[in-house]
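> My questions will all concern the structure given below.
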Amino acid sequence: MTAKPDIDHLRQWIGRTQEASDVITGQLVKGLRATLFLDIGNPVDGDAAPFTTHWCLAQPVVPMSEIGADGHPARGGFLPPVPLPRRMWAGGQIEFIDPLRVGDKVTRASRISDVTMKTGS
1 MTAKPDIDHL
11 RQWIGRTQEA
21 SDVITGQLVK
31 GLRATLFLDI
41 GNPVDGDAAP
51 FTTHWCLAQP
61 VVPMSEIGAD
71 GHPARGGFLP
81 PVPLPRRMWA
91 GGQIEFIDPL
101 RVGDKVTRAS
111 RISDVTMKTG
121 S
């Protein structure tokens with residue numbers, strides 16, 4: 001049986017922020033194009049990146065000893081230490097000012113805006 005989360009403790013994570021930057025490379029775009037069954041081509045600086053490129057960028061990097069059982073960074077750092085077996089991403093907002101292009105430097109800015117208990121499946 002999983003322990004009941006202490007919601008007051010978990011709500012202490014509200015307001016935490018995290019930023020990470022990355023550069024869109026031609027190699028990344030080639031791999032994503034291949035995955036999406038698009039013409040792989042030979043992308044160079046300035047070429048448009050596929051629409052879903054943002055999901056491949058600025059991924060968290062942690063030592064192997066800090067990876068949780070689910071393969072993500074262990075909880076209790078940026079994310080609250082919820083003692084439940086599955087994570088749930090319940091919403092987000094993504095804003096694109098201009099199209100992403102090979103050679104662009106991008107920044108992912110994350111903020112925990114709320115922590116609430118959910119029930120059901």
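Here the sequence shown is numbered in full-length UniProt numbering, starting from 1 and rising by one per residue. Backbone N, C-alpha and C define an ideal beta-carbon position, used for all residues, glycine too.
Go through the segment 17-91 residue by residue and report every complete run of the alpha helix (DSSP H) that reaches 4 residues or more, in order.
DSSP runs (the alpha helix (DSSP H)) wholly in the segment 17-91: 26-35.
> Spatial neighbours of Trp89 within its chain, please: C-beta separation below 6 Å, excluding the five flanking residues on both sides.
Mapped onto the sequence shown, residue 89 falls at position 89. There are no such residues.
> With 16 other CB atoms within 10 Å as the buried threshold, where does Pro85 fall?
One-based indexing of the sequence shown puts residue 85 at position 85. Exposed, by the Cβ-count rule.
> Run through DSSP, which three-state label would Met1 get?
Position 1 of the sequence shown, counted from the first residue, corresponds to residue 1. Note that Met1 scores a pLDDT of 45, beneath 50, so its modelled location is shaky; the value from the coordinates is reported in the next line. In this structure, Met1 counts as coil in the three-state DSSP scheme.
> Identify which residue in Phe78, Pro73, Ile112 has its Cα closest to the Cα of Gly92.
Looking up residue 92 in the sequence shown gives position 92. The shortest Cα separation from Gly92 among Phe78, Pro73, Ile112 belongs to Ile112.
> Determine which residues share a DSSP beta bridge with Thr107 and list them.
Here residue 107 corresponds to residue number 107 of the sequence shown, with the count starting at 1. Thr107 is bridged to Ser21.
> Alpha carbon to alpha carbon, how far is Ile14 from Asp8? Give it in angstroms, no decimals.
Counting from one through the sequence shown, the residue named residue 8 turns up at place 8. Counting from one through the sequence shown, the residue named residue 14 turns up at place 14. Answer to the nearest angstrom: the Cα atoms are 11 Å apart.
> Just how far apart, CA to CA, sit Gly103 and Ile67?
In the sequence shown, the residue the question calls residue 103 occupies position 103. In the sequence shown, the residue the question calls residue 67 occupies position 67. Cα-Cα distance, rounded: 30 Å.
> With DSSP as the reference, please indicate the residues paired to Arg11 in a beta bridge.
Position 11 of the sequence shown, counting from 1, holds the residue named residue 11. Per DSSP, none; premise fails for Arg11.
> For Ala74, which residues in the same chain have their Cβ closer than 7 Å to its Cβ, ignoring the five residues on either side in sequence?
Stepping through the sequence shown from its first residue, residue 74 is reached at position 74. Around Ala74: Glu66, Ile67, Gly68.
> Please confirm whether Phe96 and Gln18 have their CB atoms less than 9 Å apart.
In the sequence shown, residue 96 corresponds to position 96, counting from 1. In the sequence shown, residue 18 corresponds to position 18, counting from 1. No, the Cβ-Cβ distance between Phe96 and Gln18 is not below 9 Å.
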